[in-house]
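Undergrad: This is the structure, below, for whatever I ask next.
In the numbering used here, the protein residues as written are 9 to 336.
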């Protein structure tokens, strides 16, 4: 520190005055405060994070020259020869054109987060429905019940009922226990002799195995049966072989009988039903005629054995391949 010693005029005592005002007021940094060099233009200071040292006038001249040791347009420094002590390569872009940390600034948060956090609530999805957690818990409970009663299904059912897992009973409102959706299976019909004699000689209008087929009006009765029962309509659409599609596409194959005039005429003229047909069950004749290789002349042109029209969800045959029962 620099001290000035003088004599007081009143008491003739020595007085020491501090001339180091820079110690009482801090500057940019401690290193800059410790710098005591001076020139005719003024004191020296550090600039650009202590990368350059000079007076304020020299720093102004260096800043007007570009402020950096290289040309930011050509990325070259061989032509930059003035004020190199106050010019450095610290810039938003380095010599290779890549951005530096000064381009975006420090990553540390400068401001405290807002206590309301409106943006966070806007971009955050709502919580999942409670049924998701309930489904996971229910699955875990059922698995534990299976482990407890691995050898008894009755015990497993009783255990799950104790936990509160009630299974819904099956619906039996729709009965498919009909042969070809027409008549009940293996149900014999009994009648008295007097009733049989009273109806003897009458012409039959319906078949006992196929009551929906009217013998006097087969086409009209089949059309009425399709419109009254959705299951019969589905079976007919899946097993249909004929098509009048104008071009080979899925929708034209499906709707060709309804959307085209030839298709509607063909559907109105259909009078045969697979339930009422007589089958040749003699295996020797069927095998001799090579029916299974489509070589039998009697069955080769039979629509019952023709493959359904092409489609993604259609069956390959017109009978049930498991029970060998005919389809409607």
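Backbone N, C-alpha and C define an ideal beta-carbon position, used for all residues, glycine too.
Please report how far the alpha carbon of residue 334 lies from the alpha carbon of residue 175, in whole angstroms.
TA: When rounded, the distance between both Cα atoms is 35 angstroms.
Undergrad: Hey, could you find the ends of the beta strand (DSSP E) residue 157 is sitting in?
TA: Per DSSP, residue 157 belongs to no beta strand (DSSP E) and is neither H nor E.
Undergrad: Following the continuous alpha helix (DSSP H) through residue 40, name the residue where it begins and the one where it ends.
TA: Counting along the chain, the alpha helix (DSSP H) containing residue 40 begins and ends at 38-41.
Undergrad: To the nearest angstrom, how far is the alpha carbon of residue 148 from that of residue 168?
TA: Computed Cα separation, rounded: 11 angstroms.
Undergrad: Need the endpoints of the alpha helix (DSSP H) that residue 130 sits in, please.
TA: Taken as a continuous stretch (DSSP letters only), the alpha helix (DSSP H) holding residue 130 covers 126-131.
Undergrad: If you check the beta carbons only, do residue 93 and residue 61 fall under 8 angstroms apart?
TA: Yes, they are a contact pair.
Undergrad: Taking the straight line between their C-alpha atoms, what separation do you get for residue 57 and residue 110?
TA: When rounded, the distance between both Cα atoms is 13 angstroms.
Undergrad: According to DSSP, is residue 286 helix, strand or coil?
TA: Residue 286: coil per DSSP, three-state reduction.
Undergrad: Could you please give me the residues that DSSP links to residue 101 through a beta bridge?
TA: Bridge partners of residue 101: 107.
Undergrad: Using only the alpha-carbon positions, how far apart do residue 77 and residue 126 sit?
TA: In a straight line, the C-alpha of residue 77 is about 46 angstroms away from that of residue 126.
Undergrad: For residue 299, is the classification buried or exposed, using 16 other Cβ atoms within 10 angstroms of its Cβ as the cut-off for buried?
TA: With 16 or more other Cβ atoms within 10 Å, it is buried.
Undergrad: Across the stretch 223-239 and the stretch 260-273, are there enough close Cβ pairs to call them in contact, namely three or more that are closer than 8 angstroms?
TA: Touching, no.
Undergrad: Buried or exposed: where does residue 251 fall if 16 or more other Cβ atoms within 10 Å of its Cβ makes it buried?
TA: Buried is the call here.
Undergrad: Per DSSP, which one or two residues make a beta bridge with residue 334?
TA: Paired residues: 327.
Undergrad: Determine which residues share a DSSP beta bridge with residue 190 and list them.
TA: Beta-bridge pairing links residue 190 to no other residue.
Undergrad: When DSSP builds the beta bridges, which residues end up paired with residue 251?
TA: Partner(s): none; residue 251 has no beta bridge.
Undergrad: Between which two residues does the alpha helix (DSSP H) harbouring residue 271 extend?
TA: From DSSP, the alpha helix (DSSP H) with residue 271 extends over 269-276.
Undergrad: Smallest Cα separation from residue 337: which of 228, 69, 159, 217?
TA: As shown, the chain starts at 9 and ends at 336. That puts residue 337 outside it, with no answer to give.
Undergrad: Keeping to the same chain, check which residues put their C-beta closer than 7 angstroms to that of residue 104; ignore five residues upstream and five downstream.
TA: Closer than 7 angstroms at the Cβ level, and outside the excluded window around residue 104, lies no residue.
Undergrad: According to DSSP, is residue 51 part of a helix, a strand, or is it coil?
TA: Correct three-state label for residue 51: strand.
Undergrad: For residue 295, which residues in the same chain have their Cβ closer than 7 angstroms to its Cβ, ignoring the five residues on either side in sequence?
TA: Within the same chain, residue 295 has no close Cβ partners at all.
Undergrad: Nearest-angstrom Cα distance between residue 49 and residue 63?
TA: Rounded to whole angstroms, residue 49 to residue 63 spans 7 angstroms at the Cα level.
Undergrad: How about residue 73 and residue 90: are their beta carbons less than 8 angstroms apart?
TA: Yes, these two residues count as a Cβ contact at 8 angstroms.
Undergrad: Hey, residue 269 and residue 260: beta-carbon distance below 8 angstroms or not?
TA: Not a contact, by the Cβ cut-off of 8 angstroms.
Undergrad: With a CB to CB cut of under 6 angstroms and the five nearest residues on each side skipped, what residues in its chain are close to residue 67?
TA: Counting only Cβ-Cβ distances below 6 angstroms, and skipping sequence neighbours, we find 55, 94.
Undergrad: What ranges does the alpha helix (DSSP H) occupy inside the stretch 202-252, keeping only unbroken runs of at least 4 residues that lie completely in it?
TA: Qualifying alpha helix (DSSP H) stretches, in chain order: 226-236, 238-247.
Undergrad: To which residues of the same chain is residue 69 closer than 7 angstroms at the C-beta, ignoring the five residues directly before and after it?
TA: 91, listed in sequence order.
Undergrad: Ignore the nearest five residues each way along the sequence and tell me which others in residue 107's own chain have a CB closer than 8 angstroms to its CB.
TA: Excluding residues within five positions, the ones whose Cβ falls inside 8 angstroms are 100, 101.
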